[in-house]
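Data block below; observations after.
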Amino acid sequence: MPVFKTPFNGYSVKFSPFYENRIAVATAQNFGILGNGRLHVLELSSNPTLPITELVAYDTADGVYDVTWSESHDSVVVAAVADGSVKLYDLALPPSSNPIRSFHEHTREVHSADYNPVRRDSFLSASWDDTVKLWTVDRPTSVRTFKEHAYCVYSAVWNPRHADVFASASGDCTLRIWDVREPGSTMILPAHDHEILSCDWNKYDECIIATASVDKSIKVWDVRSFRVPISVLNGHGYAVRKLKFSPHVRNLMVSCSYDMSVCVWDFMLEDALVSRYDHHTEFAVGVDMSVLVEGLIASTGWDELAYVWQHGTDPRAS
Amino acid sequence: MASNSQSSGSNPPPKPWERAGSSSGPGAPFKPPSGGSTSDVVEASGTAKPGEIVTSTDRNAAVNRSTLARPVPARPWEQNYGNTTYGGGALGGYGSSMNYNSGYGSGGMYGSSYGGGLGGVGGMYGGGMYNTGLGGQMGGYGMGVGPYGDQDPNNPYNEPPSPPGFWISMLRVMQGVVNFFGRISILIDQNTQAFHLFMTAMLQLFDRSGMLYGELARFVLRLLGVKTKPKKANLQGPNGHPFHGQQQHPSGNMNYIEGAKTAPSGSWDNVWGNDTSE
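Chains A and B are the protein sequences, given in the same order.
Residue numbering for the first sequence follows full-length UniProt numbering, beginning at 1 and increasing consecutively.
Residue numbering for the second sequence follows full-length UniProt numbering, beginning at 1 and increasing consecutively.
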């Protein structure tokens with residue numbers, strides 16, 4: 001399956017919810033420490049032997065840490081930029097008029113962005129200034145700021161089955177669950193003993209959420225009884241960087257880690273590790289599963305490569 | 001491939017889980033979702049606070065509101081890239097890239113904290129093996145080259161040592177010369193002494209062995225019956241006759257010196273023989 005070489009170090013990859021052959025890749029120069037960033041929008045060829053082509057790329061003055069596709073406009077992407085801004089790009093417009101919006105309220109790097117898949121008019125940004133902000137496309141400023149975390153917030157993810165609920169994963173070792181109508185968080189899960197780097201909701205059960213942590217483990221929680229996790233998935237050799245539940249299979253999830261591997265898990269099985277992909281030669285920091293094509297996985301990492309492959313096949317085989 | 005998934009309107013294709021319908025059990029601890037747009041919902045709840053910018057002082061207040069008081073690590077942007085535990089998820093990540101270097105320092109590449117052992121770029125060779133080796137070597141001559149022992153040849157951050165002054169180099173040359181001749185002379189001295197000792201030992205050996213063999217030979221000859229008479233002191237005249245006028249000492253021992261010699265009457269008559277008549 002095809003591979004794309006990005007000039008900078010990859011940070012995040014997302015499948016478009018509108019086009020099954022379109023992905024967005026967020027990259028940052030010099031491993032994101034210092035330098036520019038670039039947002040790539042790539043097009044997969046219908047013939048898997050052909051290489052990935054670049055549809056368009058946008059340069060930023062700082063690294064791009066995350067990207068999310070708009071659920072309401074097929075050509076709009078939201079980029080989380082390391083200078084604290086959240087930028088909107090419209091692929092249908094010429095490059096000169098992009099970005100169409102740039103929201104600059106975070107005082108530190110924005111580390112994740114997530115578009116509301118249910119109500120489709122808002123998105124979240126999680127930042128190292130310890131806050132999560134809620135934005136709508138029609139407002140010039142953020143609608144709300146969620147500030148309870150005591151440390152950087154690495155990820156904020158909407159509940160895919162509930163329009164008002166989202167979860168945030170933070171370096172203060174807690175996972176918090178929020179309702180946008182409530183003034184404070186509705187639940188606090190002291191989920192790990194180390195920083196939590198990522199979280200994701202189960203697509204088929206609105207009460208199940210998984211967390212990925214520096215302690216190398218993935219834990220699956222039921223928010224109805226979050227004293228103990230449903231399952232603890234061990235197998236990564238280093239911190240687990242990103243986590244994504246499968247849109248098609250209830251118990252399946254994919255994770256990527258600083259041990260340079262991408263793992264697929266079934267959290268209900270005794271032997272939870274379904275498969276492991278070692279195609280990256282550097283930290284694997286971005287992973288996603290296609291909503292439109294079952295089993296299609298994309299990953300990117302600091303080896304400046306973005307891979308797209310079908311689950312069960314070798315990502316490097318092309 | 002793209003054609004069949006293109007959605008004409010502004011909504012993406014339905015999600016697979018939406019097609020599957022709700023499968024979560026009862027008792028979800030969430031309030032039922034509200035209708036309307038997100039901004040309307042938030043404003044209706046009275047929690048909207050548009051455009052709030054959180055400063056660092058607010059952040060501290062947020063820490064106080066937090067129900068969990070746990071020690072948190074240093075902020076990613078405050079972390080020293082050399083020794084971070086890379087956990088920060090984000091920036092921590094690039095700290096760890098620097099930690100590849102730690103393979104040299106701690107031998108623990110990909111160690112438990114992913115390179116936490118790196119002391120810093122400059123310290124990589126610091127206090128290293130080269131220093132002690134060099135210092136010890138020079139110190140062996142008893143003079144020592146102290147300041148130069150500290151110079152690490154592999155440390156790119158130290159300036160190279162300045163060349164030694166004239167007198168220092170002169171003294172070093174002299175030291176070498178003296179050392180050389182000292183070795184030569186001690187060699188000669190030792191050789192001479194050894195030769196002397198050897199010769200002395202040989203001479204002593206010959207001397208002793210001469211006596212030894214003399215005694216041995218005499219003993220053997222005696223065994224063989226060869227009587228080697230001890231030299232008697234009594235004088236015998238010709239034909240075995242004792243001197244006529246001589247007085248025999250009772251002990252058989254001649255006393256040449258003591259006692260007065262009895263002068264023969266004939267005085268010189270019997271000098272040439274005991275009996276003139278013969």
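We put the beta carbon where it would ideally sit given N, CA and C, even for glycine.
None of the values given here were measured: they were computed from a predicted structure.
* Buried or exposed for Lys-251 (chain A), please, with buried defined as at least 16 other CB atoms from any protein chain shown within 10 angstroms of its CB. => In the sequence as displayed, the identity of residue 251 (chain A) is Asn instead of Lys. When all chains shown are included, Asn-251 (chain A) counts as buried.
* With DSSP run on the structure shown, which of helix, strand or coil describes Thr-200 (chain B)? -> helix
* Among A:Gly-312, A:Pro-247, A:Gly-295 and A:Thr-281, which one has its Cα closest to the Cα of Lys-5 (chain A)? -> A:Thr-281
* Asked: Does the Cβ of Gly-51 (chain B) have 16 or more other Cβ atoms within 10 Å, making it buried, or fewer, making it exposed?
  -> exposed
* Asked: Which residues mark the beginning and the end of the beta strand (DSSP E) in which Thr-47 (chain B) is found?
  -> Thr-47 (chain B) -> no beta strand (DSSP E), and no H or E assigned at all.
* With distances taken from CA atoms, which of A:Asp-172, A:Thr-141, A:Leu-134 and A:Thr-27 is nearest Arg-75 (chain B)? -> A:Asp-172
* Taking 7 angstroms as the cut-off, decide whether the C-beta atoms of Ile-23 (chain A) and Ala-298 (chain A) are in contact. => yes
* Asked: So which residues on chain A does Val-42 (chain B) lean against when the C-beta distance must stay under 8 angstroms?
  -> Leu-134, Val-143, Arg-144, Val-180 and Arg-181
* Are there three or more Cβ pairs, one per stretch, closer than 8 angstroms when the region 214-222 of chain A is compared with the region 116-135 of chain A? -> no
* Compute the beta-carbon to beta-carbon distance between Asp-66 (chain A) and Ser-16 (chain A), rounded to the nearest angstrom, for a pair I have assumed lies under 8 angstroms. => Not confirmed; about 15 angstroms, so no contact.
* To do: Give a yes or no on whether 7 angstroms exceeds the smallest Cβ distance from Gly-116 (chain B) to chain A.
  => Legend: pLDDT at Gly-116 (chain B) = 34, less than 50; position of this residue unreliable, value from coordinates given subsequently. For Gly-116 (chain B), the answer is no, since every Cβ of chain A falls outside 7 angstroms of its Cβ.
* Report yes or no: is there a C-beta of chain B within less than 7 angstroms of the C-beta of His-73 (chain A)? => yes
* Select from A:Leu-189, A:Ala-28 and A:His-40 the residue whose C-alpha is nearest the C-alpha of Val-228 (chain A). => A:Leu-189
* To do: Locate the alpha helix (DSSP H) running through Glu-18 (chain B), then write down its first and last residues.
  => 16-20
* To do: Mark Arg-161 (chain A) as exposed unless 16 or more other C-beta atoms lie within 10 angstroms of its C-beta, in which case mark it buried.
  => buried
* Are the beta-carbon atoms of Leu-88 (chain A) and Arg-101 (chain A) separated by less than 7 angstroms? -> yes
* To do: Give a yes or no on whether the C-beta atoms belonging to Val-64 (chain A) and Ala-92 (chain A) are separated by under 7 angstroms.
  => no
* **Tyr-213 (chain B) (DSSP reduced to helix, strand or coil)** => helix
* **Gly-51 (chain B): contacting residues in chain A (beta-carbon distance under 7 angstroms)** => Glu-105, Thr-141 and Ser-142
* With C-beta atoms as the reference, is Phe-267 (chain A) less than 7 angstroms away from Ser-231 (chain A)? -> yes
* **First and last residue of the uninterrupted beta strand (DSSP E) at Leu-243 (chain A)** => 240-245
* Give the interface partners of Phe-4 (chain A) over in chain B, defined as CB-CB distance under 9 angstroms, in chain order. => Under the 9 angstroms cutoff, chain B gives no residues; its nearest Cβ is about 17 angstroms from Phe-4 (chain A).
* Mind checking which residues open and close the beta strand (DSSP E) that includes Asp-90 (chain A)? => 85-90
* Neighbour flag for Pro-14 (chain B) against chain A, beta carbons, 7 angstroms -> no
* Taking Cβ to Cβ, would you say Ala-156 (chain A) is nearer than 7 angstroms to Ser-168 (chain A)? -> yes
* Asked: Nearest chain B C-beta to Thr-60 (chain A) closer than 7 angstroms, yes or no?
  -> no
* Asked: Considering only the beta carbon of each residue, do Ile-52 (chain A) and Pro-2 (chain A) sit closer than 7 angstroms?
  -> yes
* To do: Pull up the CB-CB distance for Met-253 (chain A) and Leu-243 (chain A), whole angstroms please, since I reckon it's below 8 angstroms.
  => 6 angstroms
* Is Asn-64 (chain B) helix, strand or coil when you go by DSSP? -> Low per-residue confidence applies at Asn-64 (chain B): pLDDT is 44, beneath 50, and the placement is therefore not dependable, though the value from the model is reported in the following sentence. If DSSP states are grouped into helix, strand and coil, Asn-64 (chain B) belongs with the helices.
* Quickly, what does DSSP pair Asp-114 (chain A) with across the bridge? List them, please. => A:Leu-124
* To do: Ignore the nearest five residues each way along the sequence and tell me which others in Ser-261 (chain A)'s own chain have a CB closer than 6 angstroms to its CB.
  => Arg-276 and Asp-278
* Asked: Run through DSSP, which three-state label would Leu-187 (chain B) get?
  -> helix
* How about His-158 (chain A) and Asp-114 (chain A): are their beta carbons less than 7 angstroms apart? -> First, the residue type needs correcting, since residue 158 (chain A) is Trp and not His in the sequence shown. Cβ atoms of Trp-158 (chain A) and Asp-114 (chain A): closer than 7 angstroms.
* Does the beta carbon of Val-173 (chain B) come closer than 7 angstroms to any beta carbon on chain A? -> no
* Asked: Excluding sequence positions up to five away, which residues of its chain have a Cβ less than 6 angstroms from the Cβ of Asn-202 (chain A)?
  -> Ile-208 and Phe-245
* **Inter-residue Cα distance where the pair is Gln-193 (chain B) and Pro-163 (chain B)** => 44 angstroms
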